[in-house]
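Before any comments, here is the structure.
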Amino acid sequence: MDDERRTVRTTERFKETPEPNLATSNVVPPLNLGERKEVIRRKSISAIVIHEAIRENGERELRRSPIALAVSGLGAGLSMGFSLVTQGLLHTYLPAHALWTPLLDNLGYSVGFLIVILGRKQLFTENTLTAILPLLANFNRQTLWKVARLWLVVLIANLVGALIFAWAISHTNLFQPELQRSFAEISHHSLRGDFGLTVLRGIFAGWLIALMVWLLPAVGDTKFHVIILITYIVSLGGFAHIIAGSVDVLYLVNIGAISWLTYLVGFMLPTLIGNILGGVSLVAALNFAQVATEKIGGES
Numbered sequence: 001m002d003d004e005r006r007t008v009r010t011t012e013r014f015k016e017t018p019e020p021n022l023a024t025s026n027v028v029p030p031l032n033l034g035e036r037k038e039v040i041r042r043k044s045i046s047a048i049v050i051h052e053a054i055r056e057n058g059e060r061e062l063r064r065s066p067i068a069l070a071v072s073g074l075g076a077g078l079s080m081g082f083s084l085v086t087q088g089l090l091h092t093y094l095p096a097h098a099l100w101t102p103l104l105d106n107l108g109y110s111v112g113f114l115i116v117i118l119g120r121k122q123l124f125t126e127n128t129l130t131a132i133l134p135l136l137a138n139f140n141r142q143t144l145w146k147v148a149r150l151w152l153v154v155l156i157a158n159l160v161g162a163l164i165f166a167w168a169i170s171h172t173n174l175f176q177p178e179l180q181r182s183f184a185e186i187s188h189h190s191l192r193g194d195f196g197l198t199v200l201r202g203i204f205a206g207w208l209i210a211l212m213v214w215l216l217p218a219v220g221d222t223k224f225h226v227i228i229l230i231t232y233i234v235s236l237g238g239f240a241h242i243i244a245g246s247v248d249v250l251y252l253v254n255i256g257a258i259s260w261l262t263y264l265v266g267f268m269l270p271t272l273i274g275n276i277l278g279g280v281s282l283v284a285a286l287n288f289a290q291v292a293t294e295k296i297g298g299e300s
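Residue numbering for the sequence shown follows this note's numbering, beginning at 1 and increasing consecutively.
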């Protein structure tokens, strides 16, 4: 009987004892200044911070002179040619009929983008997001003119660079005939589909490239991997990029495989429309709307 009473009293005492609050206990000691900085560093960057980083970069680009934009854009167009060269090299030296060969040779497509983006050169599809955010934040005639000037100068410079590179690899003996055949085979893939399908392929490419630009401020030291991953998907999916694809198709023009009209109507125009729609409508506008909504929610 006495044992039962002691058991009851012990049980009641445990019920009355409150559980320790880990937030106020000594189990988790207070963080020092260095640890607090590390916590802040490892926190996810908010959409507003990413938006502002890209917008401020866009403001700087809009203030650059047309000559500076043209020189940078020309370098980007030339550099994008190394996507075709690297793909051609991999395509030539990998087993021709292996099922896994496309998984590897499409990695070569990323090389040109790595050179351009890490080298801070002007690429047209990158500017569909970078330049449009300042316009959406401050829509007026002056900003609209600056965006139009940036797009026009960079696009022309990119295409001139792509044309020079395509001419150089098609009219010199720099590459062996087997490599030239690989270049032609790869380049024909850019002309698959009719006008509407090419627009759709361009939308997906513009969407992915603009999303990549949106991601880069948040990834820190892993930009290299993000660029490879996104551009690899563009290539593997057969999506149409106005500059990388122009190197391919202009190569076919230079070797006489297709006409200039085929390039302009069959590739350039539908791809340009698709890249702009994908980069502006599906990414810039949607992400801007998300940030604007968060700002309104924070002020209310």
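For glycine and all other residues, C-beta sits at the position ideal for the given N, C-alpha and C.
For clarity, every value in this text was computed on a predicted model and none was experimentally measured.
Which word fits residue i, buried or exposed, when buried means at least 16 other C-beta atoms lie within 10 angstroms of its C-beta?
i: A23; result: Confidence at A23 is low in this model, with a pLDDT of 45, below 50, so its placement is unreliable and no value can be given for it.
i: G77; result: buried
i: H171; result: exposed
i: N106; result: buried
i: N21; result: With a pLDDT of 48 at N21, under the threshold of 50, the modelled position of this residue cannot be trusted, and the question is left open.
i: V49; result: exposed
i: L144; result: exposed
i: H51; result: buried
i: Q122; result: buried
i: V280; result: buried
i: R36; result: exposed
i: L135; result: buried
i: G34; result: exposed
i: F224; result: exposed
i: A70; result: buried
i: E19; result: Only weak support is given to the placement of E19: the predicted model assigns it a pLDDT of 46, under 50, and the question is left unresolved by the model.
i: L62; result: buried
i: A289; result: exposed
i: T222; result: exposed
Nearest CA to the CA of residue i: which residue from the options?
i: A210; options: I132, M80 and E59; result: I132
i: F124; options: H225, G206, I228 and L236; result: G206
i: V147; options: V85, R64 and H97; result: R64
i: G119; options: A244, L152, G256 and S79; result: S79
i: T101; options: A166, I203, I186 and F204; result: I186
i: G237; options: F82, L103 and E59; result: L103
i: D194; options: A244, T271 and W145; result: T271
i: L150; options: A68, F139, T222 and G220; result: A68
i: V116; options: G75, G245 and G88; result: G75
i: V266; options: H225, H188 and S281; result: Before going further, note that residue 266 is Gly rather than Val in the sequence given. When each option's Cα is compared against that of G266, the closest is H188.
i: V154; options: G34, I242 and F204; result: I242
i: S55; options: L99, P66, A70 and N127; result: Strictly speaking, residue 55 in this sequence is Arg, with Ser absent from that position. That would be N127, whose Cα lies nearest to the Cα of R55.
i: V219; options: A70, A96, L99 and I45; result: I45
i: E59; options: A137, P95 and Y263; result: A137
i: R181; options: R141, Q142 and A96; result: A96
i: G73; options: M268, L99 and L152; result: L152
Are residue i and residue j touching if we call contact CB-CB under 8 Å?
i: L129; j: W214; result: yes
i: A157; j: G202; result: no
i: Y251; j: I169; result: yes
i: A166; j: N57; result: no
i: G108; j: T86; result: yes
i: L229; j: G274; result: no
i: S246; j: A162; result: yes
i: L179; j: L89; result: yes
i: L208; j: I233; result: yes
i: S83; j: A257; result: no
i: I227; j: F113; result: yes
i: L159; j: V249; result: no
i: P217; j: A47; result: no
i: F204; j: G278; result: yes
Going along the chain, which unbroken runs of the beta strand (DSSP E) with 3 or more residues stay wholly within the stretch 105 to 188? none
Could you tell me which whole alpha helix (DSSP H) segments of length 4 or greater appear in the stretch 24 to 94? Within the stretch 24 to 94, the complete alpha helix (DSSP H) runs of at least 4 residues are 33 to 42, 47 to 63 and 66 to 93.
Any chance you could list the alpha helix (DSSP H) runs of at least 4 consecutive residues sitting entirely within the stretch 231 to 289, in chain order? 242 to 254, 260 to 263 and 269 to 276
Complete alpha helix (DSSP H) runs within the stretch 192 to 234 (minimum length 4 residues, chain order): 195 to 219
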